[in-house]
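Participant: Those letters in the sequence shown? Residues 198 to 491, by this note's numbering. Every residue gets a Cβ at the ideal spot worked out from N, C-alpha and C, and that includes glycine. If you're wondering where the values come from, they're calculated on a predicted model, not measured in any experiment. This is the structure I want to talk about, given as structure tokens.
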Amino acid sequence: QVLVDRLAALGIDSNEEFIRWYETSKTGFRFHSTPLSIADKFRELVCEQDRSVIFTSATLAVSGSFTHYQQQLGLEDACSGIWPGPFNYAEQALFYLPEGLPEPGDSDHTASVVELAEKLIKISRGRVFMLFTSYRALNEAASMLEGRCDYPLLVQGEAPRHVLLERFRDAGDAVLLGTGSFWEGVDVKGDALTVVLIDKFPFAVPDDPVLQARSKAARSAGLNPFMTLQLPQAVVALRQGAGRLIRSVDDQGVFILCDSRLVSKSYGKIFTSSLPAMKRTRDFAEVSAFLERS
């Protein structure tokens, strides 16, 4: 009966407040249903409380503003503020944007990222996170590094996340390749991690049914879906990925973004202004010197 009720709920075409889609696999299929927006319901829930509600985060602001987050939750009138954290990013971290890499959409982009990573791994003596925006790039990079990496190579999918992280911390000189869940909620303090490399901007997949439905709703409201949905989401995701690097006041490391759009596209400034205030460089020699001191 539970299954019948769920199928009946998924079949209600008149309810446009929900996004519905299905996914198939070799073993079966799945139906999905999610709200087009939670703003109204969430605002009602918060307003029902007879107490103050405080939200805190280190990564949800976009260019110094919580507008995107507040709109998603229906809390546009809420008070917001940003206060400095305990980390001295200007001294503790270096932001490296490599020159001469292929465009992110080029077929040889991942190979070039791996070539750069091999140089960094050697200088940093392992201690590297490589974060990817797709499993395709992750698997391609893993295949290239297999047998060529002189340090323990840990790849997402080979073991549960917590096991891989434990191995990474215990090894002290490992190289970890991950995507998805490794971009957030990962805490590696100390010398075990000195480099976080991200292959490209973490934009959502264009054919994602939730993104498509919410983009359509944004256009209907006279808004630009890229500026109001895709870009803010990517900025927050990039901040979360970059946040894996410095986890204590004693940490030091290099953050590397292998995406030339940071300087070639006008929206790159929004990413830059949203990231921690790290010193930036395009000089590999400066990166090498920084890592040799770390």
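#1: From the DSSP output, in three-state form, read off Phe481 for me.
#2: Is the stretch 245 to 257 touching the stretch 410 to 424, taking contact as three or more C-beta pairs under 8 Å?
#3: DSSP on Pro232, reduced to helix/strand/coil?
#4: Can you tell me which of the three DSSP states Gly377 falls into?
#5: Do you know offhand how far Pro349's Cα is from Ala401's?
#6: Bridge partners for Leu394 per DSSP, in chain order?
#7: Which residue marks the beginning of the beta strand (DSSP E) containing Phe252, and which one marks its end?
#8: Mind checking Arg345: buried by the 16 CB within 10 Å criterion, or exposed?
#9: I'd like to know whether the C-beta atoms of Leu272 and Phe326 end up nearer to each other than 8 Å.
#10: How should Ser321 be labelled, buried or exposed, when 16 other C-beta atoms within 10 angstroms of its C-beta is the threshold for buried?
#11: With C-beta atoms as the reference, is Leu335 less than 8 Å away from Ser457?
#12: Alpha carbons only, please: which of Thr469, Phe284, His265 is nearest the one belonging to Val415?
#13: On the three-pair Cβ rule with 8 Å, is the stretch 467 to 484 touching the stretch 286 to 294?
#14: Check whether the Cβ atoms of Thr231 and Val433 lie closer than 8 Å to each other.
#15: To the nearest angstrom, report how far apart Ser470 and Asp202 are at their CA atoms.
#16: Just how far apart, CA to CA, sit Glu214 and Phe365?
#17: In terms of alpha-carbon separation, which member of Ser461, Gly419, Pro473, Val460 lies closest to Arg441?
#18: Using only alpha-carbon positions, find the residue among Ser254, Phe468, Leu394 that is nearest to Thr330.
#19: If you draw a straight line from the alpha carbon of Ile467 to that of Ala338, how long is it in whole angstroms?
#20: If you drop the 5 nearest sequence neighbours on each side, which residues of the same chain put their C-beta closer than 7 Å to that of Phe487?
#21: Thinking C-alpha only, which one of Pro295, Arg324, Val372 is nearest Glu343?
#22: Is the distance from the Cβ of Pro406 to the Cβ of Ile216 below 8 Å?
#23: Can you have a look at Ala314 and say buried or exposed, based on whether 16 or more other CB atoms are within 10 angstroms of its CB?
#24: Among the candidates Val199, His306, Gly261, whose CA atom is the shortest distance from the CA of Asp396?
#25: Where in the stretch 404 to 459 do unbroken runs of the beta strand (DSSP E), each at least 3 residues long, occur, reported from the N-terminal end onward?
#26: How many angstroms separate the CA atom of Pro301 from the CA atom of Ser463?
#27: Determine the closest residue to Gln269 out of Phe239, Asn285, Ser260, with distance taken between C-alpha atoms.
#28: Is it buried or exposed, Leu242, if we count other Cβ atoms within 10 angstroms and call 16 or more buried?
#29: Going by Cα to Cα distance, which pick from Leu435, Leu317, Glu363 is closest to Ser491?
#30: In the DSSP assignment, the beta strand (DSSP E) including Ile320 goes from what residue to what residue?
Facilitator: Let me lay it out:
#1: helix
#2: no
#3: strand
#4: helix
#5: 31 Å
#6: Met327, Ile453
#7: Phe252 -> no beta strand (DSSP E), and no H or E assigned at all.
#8: exposed
#9: no
#10: buried
#11: no
#12: It should be noted that the sequence gives Ala, not Val, for residue 415. It is His265.
#13: yes
#14: no
#15: 48 Å
#16: 43 Å
#17: Pro473
#18: Leu394
#19: 28 Å
#20: Leu291, Val451
#21: Val372
#22: yes
#23: buried
#24: His306
#25: 450 to 454
#26: 16 Å
#27: Phe239
#28: exposed
#29: Leu317
#30: Careful: Ile320 lies outside any beta strand (DSSP E), inside the alpha helix (DSSP H) at 306 to 321.
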